[in-house]
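Participant:
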Amino acid sequence: KTFEILNEAFGHFVRDNFRNNIEDAQYMTPPEVVDFMCEMGLEESDMLLHDRKKLVVCDPSCGVASFLAQFYRCWRQSDLNNKRELTLVGQDKVDRMARLGKLNLLLFGSADANVARGNSLLVGSELDKYMGSCDLILTNPPFGARFHTTELAMHSLKFFPCLHDFIQSSDGYIDSELLFIDRY
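In this text, residue positions in the sequence shown follow our numbering: the first is 875, and each later residue adds one.
In structure tokens, the structure reads:
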């Protein structure tokens, strides 16, 4: 099981080297959770997509792209890779993490994955190109950041439909995890 060993080694390298930098990698998802979610996502996508030839999988807060790398491994081992084209899309607001995510996917053999730097909660990021066309979102939303409603107000109806009324009528802060879940 080379893929698991490689992903685990890469995850430990990142965790150990960036542990004290909260912005970069404090909250890495345990590999058991990543494995479970990817296997479940693969089964669901097979049932939901039926005759479609393309599958788009996104991680809007990808970090080192553990979800995308593991999904790619599961997809390659399944019979879906003969039936569908796979597009992997990742984004992280920290440049170093986006670069490490791209490197992780290259190590797995997915050279054409689109991993970019950008804040998925704000307008103008690379991820905006995929709005409405993602078939599956595999992610662990970042916790601990807060955003002022004035930063979000202009695009709140499009990006945050559940929180839109609160954003428009409030002069306060919203936790990032709530914003990410609404955005997804």
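Glycine residues also receive a C-beta, built at the ideal position from the N, C-alpha and C atoms.
Quick caveat: nothing in here was measured; it's all calculated off a predicted structure.
DSSP on Asp-986, reduced to helix/strand/coil?
Facilitator: Asp-986 falls in the coil class under three-state DSSP.
Participant: To which residues of the same chain is Lys-875 closer than 8 Å at the C-beta, ignoring the five residues directly before and after it?
Facilitator: Residue placement at Lys-875 is flagged as unreliable, the pLDDT there being 49, under the threshold of 50; a coordinate-derived value is accordingly withheld.
Participant: At what residues does the alpha helix (DSSP H) containing Gly-937 begin and finish?
Facilitator: Here Gly-937 belongs to no alpha helix (DSSP H), and DSSP marks it neither H nor E.
Participant: Taking the straight line between their C-alpha atoms, what separation do you get for Gln-1042 and Ser-999?
Facilitator: Taking the straight line from one Cα to the other gives about 22 Å.
Participant: Am I right that Leu-1012 and Phe-941 are in contact with their C-beta atoms under 8 Å? What's the rounded C-beta distance?
Facilitator: Contact holds; Cβ gap of about 4 Å.
Participant: If you draw a straight line from the alpha carbon of Glu-906 to that of Phe-1034, how long is it in whole angstroms?
Facilitator: Going by the C-alpha atoms only, they are around 30 Å apart.
Participant: Under three-state DSSP, which class holds Cys-948?
Facilitator: Helix, per DSSP.
Participant: How is Asp-898 classed by DSSP in three states: helix, strand or coil?
Facilitator: With a pLDDT of only 49 at Asp-898, under 50, the local geometry of the prediction cannot be trusted, and the value read off the model is given with reservation. It is helical.
Participant: Taking the C-alpha atoms as reference points, what is the distance between Asp-966 and His-1038?
Facilitator: The alpha-carbon atoms of Asp-966 and His-1038 are separated by roughly 24 Å.
Participant: In chain order, what residues of the same chain lie with their CB nearer than 8 Å to the CB of Leu-916, ignoring the 5 residues before and after it?
Facilitator: Cβ neighbours of Leu-916 beyond the five flanking positions: Phe-945, Cys-948, Trp-949, Ser-952, Leu-954.
Participant: Do you know whose CA, among Asn-956, Val-989, Leu-980, Arg-958, lies nearest Val-968's CA?
Facilitator: Val-968 has its Cα closest to that of Val-989, out of Asn-956, Val-989, Leu-980, Arg-958.
Participant: Enumerate in chain order the residues of its own chain whose CB-to-CB distance from Asn-993 is below 7 Å, with the five nearest sequence positions on each side excluded.
Facilitator: Taken in chain order, the residues that qualify are Lys-967, Ser-999.
Participant: Spatial neighbours of Arg-1020 within its chain, please: CB distance less than 8 Å, with the 5 preceding and 5 following residues excluded, ordered by chain position.
Facilitator: Around Arg-1020: Tyr-1047, Ile-1048, Asp-1049, Ser-1050.
Participant: According to DSSP, is Arg-991 helix, strand or coil?
Facilitator: Reduced to three states, the DSSP call for Arg-991 is strand.
Participant: Residue range of the alpha helix (DSSP H) that Gly-975 falls in?
Facilitator: Looking at the DSSP string, the run of the alpha helix (DSSP H) that includes Gly-975 is 969-981.
Participant: How long is the line joining the alpha carbons of Asp-1045 and Leu-1053, rounded to whole angstroms?
Facilitator: Cα to Cα, Asp-1045 sits roughly 16 Å from Leu-1053.
Participant: Look at Pro-904 and Leu-1001 and say whether their C-beta atoms are less than 8 Å apart.
Facilitator: No, these two residues do not count as a Cβ contact at 8 Å.
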